[in-house]
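Residue numbers (UniProt numbering): 1 to 1267.
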């Protein structure tokens, strides 16, 4: 209590108790003040002070001569009212260091009427002490000269307390509460109120109160226990739990302490009361509760904070029940005293809890709710009191009623929950998808139906091709109740195949290429698919099958349309069978919500294995609109995705993860004409706000695969603090139920059950179907509902809000994942003793799956082995992003894994800042560091161990694709999560030959390669940054000087060097046309290579130079002396010096430069000292060759990039003697030594890429001239 009092400011009335007495008669002020001073002297704890500054622990100090704070106020017309005086008195609070914890204020109202305010801090005494204080005060007033009997000192209780076995009592509490997994909370978040609490009250009828007292007597329990049971029932129903904990204020006065009822002081204690509600009758439950309380009475002295600390739970409850059974009219405070008569009394007190329920017994039981309005509003507080009244009324009806039959709902609320908010009935035709498409194809045969890359297909063409393929399928047995597997890439043929399967009357099973073969085989077998369509079989079928009629299959609304597999808790995926009716109903509902027309273009971004893909295909195709198929993994390249959206997309749906990536990568106004659908994961307020501002309209949709894609939806508005998942769609019914399938109250958390037209037929397994598709207790006979496993609540406007999962299932990047399935697989690994997969959420990070492993023997490589083990068995999203090795799994008393005590993954690097060994590794490491927002990782550190998640992995792959032109499936990153491992996956693992003469910076690609020639230092690694500007299909090779990889003679002329490099080039590309690029000295060599190739009869299509000019000065006789320190300085200049990196004292050393480069993530850090010396010799030789160069004429154009900021730069015209055709010059605002840095390449790269593209296609001369 001291802590809570100090936590609040001095103006707070927290823990202030105020008793207001109306007194009739003539009050003697001095006599009353004297009685108050005698009260303080008799009970020094009322005038105690507390010291907590500059001491090891707080101490209580008893003041020798306590001072009474005595005040007299007169009520006058026009002055403060009595209530204002009371409020000001409470607000004044107490200074706990001053030594005055009690205040008496006499408020005069005329000659014979007054009010006495007795205000005290709760730390000094409790409510039980109030009658004692009043008794002594009025006794001293009546008999000021009579010396009363010595009081029983509060110190006697403190002495008794010191003899108690605290350790034993604490163990009793932890045994009782040890398996409480989470607190029982009813209030929203937020800070405690800085003003006083608000209050609402009700009274029960006298007859009901009498019946409750009779129930208590016949059950041999106290009325307090009856009220406690009622509150437990209300808590259970509003929290959706059977096991609840609330605070119970106990008197704390030990019966074994003599005269304990005469002691004035603080005894009361707020302790956790745990109530588990079973199936028993009311009277049995009351007897059990009373017995439990009696057993705990001997341990009521234990502090709540000690209990919570022992349980390692900072909070157990946020509601408190107080049963006020201390009457004021006793101990001499009743009747007339010395001419004064007590007319009425009222008390005020408050605590730091959001909701305190006070029960005051009497002829009519009074219930008072003191609540913090900042955390629990008046409507909620009043609703809780109403539910309490309802339960108490039901209890009064008799002791034989089952606890489960006690209802907290009123009839109006029940009507809202069942009917008003589920009024979704709409007329939907009993038709099929194939029939609807055929009708649309007749209406708009020439309209574009599908766009996939450069391929387009009209409605008529799509209908025709699908009909031919459907005949081929039907001839092979495809039809109603049959399944056809689709294993095609994203293409027009994929859409043709989907439509063909449906025309044949069968259901399609999407199988994405690249999925683990073992998992695919299980799905195909489980679904009973006898035909699998691939690109080859579709092409063959269309070639073999002529136009012709297709017999109409016997398809009904209940016929399966598709089968999709989701993660399963038993270790095997679950196949969901979705019907035609479900899809047709969903499409009609979404047409209403989105107002789609034939002018719309829908972007199909999702994999067909993700159920929302069906909406992306059918929503436009059944309305005459156009669907644009996005290439696979397009999300990894947000800029490419942005270009597609900008081409006219008007409707797009994606998961919050995908939207977050997209919004962070595209211009703010790109989506202004797009209707956005967001779903598949929980939507954050920040993302909701962005979508609302940046799109034409936005919809937050929710729905499991088992109820056909989406079941509820809500418009997303700017400023939504808690985005709703909305209201049920057409012909959909949403129930929020507890574990007994009872409706939970509005605002209470319960499990969502869905019924209606969208309900899937079930799973491929009847056993699993029976578990999740259950009878609808509120619907007609034979109707079913689906148990979603999602915990939700209704708000006052009839919108549903997602809260959490009832189990461990989670959505990661929109994929539904059962961690139990991963747990099963991990536990089966031969090196694993115990395992659990658990979803971890960290602030600022999306949810991540983490594997907690107890290995059979210590093995640091086990995480990598487990990734390799899972890769062929599960989709990439189900591979944990981190593994934590433990000696044992933390467990509850019950033996279950205590997931709250599972440690967070260690995000520190696992290696020692190993530097990149190649330029490609340098680019990859830069992408790793940017994505993870940390610079302390090296090329051997795991992306996931360093903090990566499946969400950030998507961002990383996008960076890699842009910078290295290489597409990687997400699975590759899980299999090789380090920079070095990814370099191998990309075919860029050249660390053993990174100093050879010819190195592939990007070896893959269908276009002719670009050959880059080294500058004077001999190394060509800087050209790696060109890759991001040249497109994904352009290979890039780099030529490096001899003498780097091994000691060997250096060339004696540029001609000799050029001829050597021509030989190396032709090993890669035997014949032209060739494309050459060179920077500085490398540009002069590139010119010499070009002329040498032409002399050999080859075509050179491109000669592009950067800051390169022919030498026209004096010849040089000997190579200059270049020191190692000069090369070290050059290397620092190459990576760019930083202001926060101080220059070393004295000359540069190899170690200093190497450490700096390693910190900066530069591949140059891997060079050894002998390489630096070799580079110095090479640089000196290149200078000598340059100053003695003799160039011939190149028969072609020259593309020259010139520095605009380097003093003394030669004029481009110096090349006229050596170039037979045109010289195109582009000036770059950069200095000579920064021309290969990214800022310069942003200017150079696009121009170079455009020229290369132009060379691949004819360009009119006038256009070329303009460029």
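All residues carry an ideal CB built from backbone N, CA and C; glycine is no exception. The structure displayed is predicted, hence computed values, not measured ones.
Residues of its chain near residue i, where Cβ-Cβ distance is below 7 angstroms and the 5 sequence neighbours each way are ignored
| i | result |
| --- | --- |
| residue 250 | 268, 269, 271, 300 |
| residue 894 | Low confidence applies to residue 894: its pLDDT is 45, below 50, so where it sits in the model is not reliable, and the reading given next is rough at best. Once the five neighbours on either side are set aside, the close Cβ partners of residue 894 are 179. |
| residue 1001 | 919, 920, 1023, 1024, 1027, 1036, 1037, 1038 |
| residue 550 | 467, 470, 471, 474, 503 |
| residue 215 | 226, 395, 396, 399 |
| residue 903 | 884 |
| residue 1255 | 1101, 1102 |
6 angstroms Cβ shell around residue i - same chain, five flanking residues per side excluded
| i | result |
| --- | --- |
| residue 692 | 698, 716, 717, 718 |
| residue 445 | 459, 460 |
| residue 381 | 200, 369, 371 |
| residue 348 | 18 |
| residue 203 | 364, 366 |
| residue 865 | none |
| residue 703 | 709, 710, 711 |
| residue 451 | 628 |
| residue 1252 | none |
| residue 103 | 69, 119 |
| residue 185 | 318 |
Nearest-angstrom beta carbon gap, residue j and residue i [assumed within contact, 8 angstroms]
| i | j | result |
| --- | --- | --- |
| residue 748 | residue 237 | 7 angstroms |
| residue 775 | residue 761 | With a Cβ gap of about 16 angstroms, residue 775 and residue 761 do not count as contacting. |
| residue 731 | residue 757 | 4 angstroms |
| residue 1196 | residue 1160 | Incorrect: roughly 39 angstroms between the Cβ atoms, too far for contact. |
| residue 1201 | residue 1244 | 5 angstroms |
| residue 1248 | residue 1087 | At roughly 17 angstroms, the Cβ-Cβ gap does not stay under 8 angstroms, so residue 1248 and residue 1087 are not in contact. |
| residue 722 | residue 728 | About 19 angstroms separates the two Cβ atoms, so there is no contact after all. |
Residue i and residue j closer than 7 angstroms at C-beta
| i | j | result |
| --- | --- | --- |
| residue 479 | residue 506 | yes |
| residue 943 | residue 977 | yes |
| residue 603 | residue 666 | no |
| residue 187 | residue 376 | yes |
| residue 72 | residue 106 | yes |
| residue 1094 | residue 1124 | no |
| residue 355 | residue 183 | no |
| residue 982 | residue 932 | no |
| residue 141 | residue 31 | yes |
| residue 862 | residue 855 | yes |
| residue 690 | residue 663 | yes |
Neighbourhood of residue i by C-beta distance below 8 angstroms, restricted to the same chain and skipping five residues each side
| i | result |
| --- | --- |
| residue 1257 | none |
| residue 86 | 18, 20, 117, 348 |
| residue 1186 | 1016, 1054, 1081, 1084, 1111 |
Per DSSP, the bridge partner or partners of residue i
| i | result |
| --- | --- |
| residue 74 | 108 |
| residue 1059 | Answer is none; residue 1059 lacks a bridge partner. |
| residue 998 | 1039 |
| residue 700 | 678, 714 |
| residue 967 | None, per the DSSP bridge assignment. |
| residue 750 | 792 |
| residue 452 | 455 |
| residue 834 | 854 |
- Query: Hey, is the stretch 1161-1178 in contact with the stretch 1040-1047, meaning 3+ C-beta pairs nearer than 8 angstroms?
  - Reply: Remark: three or more beta-carbon pairs, one from each stretch, lie closer than 8 angstroms, so the stretch 1161-1178 and the stretch 1040-1047 are flagged as touching.
Practice prompt. Check whether the stretch 553-562 touches the stretch 580-589, taking contact to mean three or more Cβ pairs, one atom from each stretch, closer than 8 angstroms.
Written response: Below 8 angstroms, enough C-beta pairs join the stretch 553-562 and the stretch 580-589 to call them touching: three or more.
Give a yes or no on contact between the stretch 813-833 and the stretch 433-445, applying the rule of three or more CB pairs nearer than 8 angstroms. Flag = no, the stretch 813-833 and the stretch 433-445 do not touch.
The stretch 291-298 touching the stretch 399-418, judged by at least three CB pairs closer than 8 angstroms:
No: the two stretches stay apart, fewer than three of their Cβ pairs being nearer than 8 angstroms.
When the Cβ atoms of the stretch 1103-1110 are set against those of the stretch 1066-1080, are three or more pairs found closer than 8 angstroms? Between the stretch 1103-1110 and the stretch 1066-1080, the count of Cβ pairs shorter than 8 angstroms is three or higher; the stretches touch.
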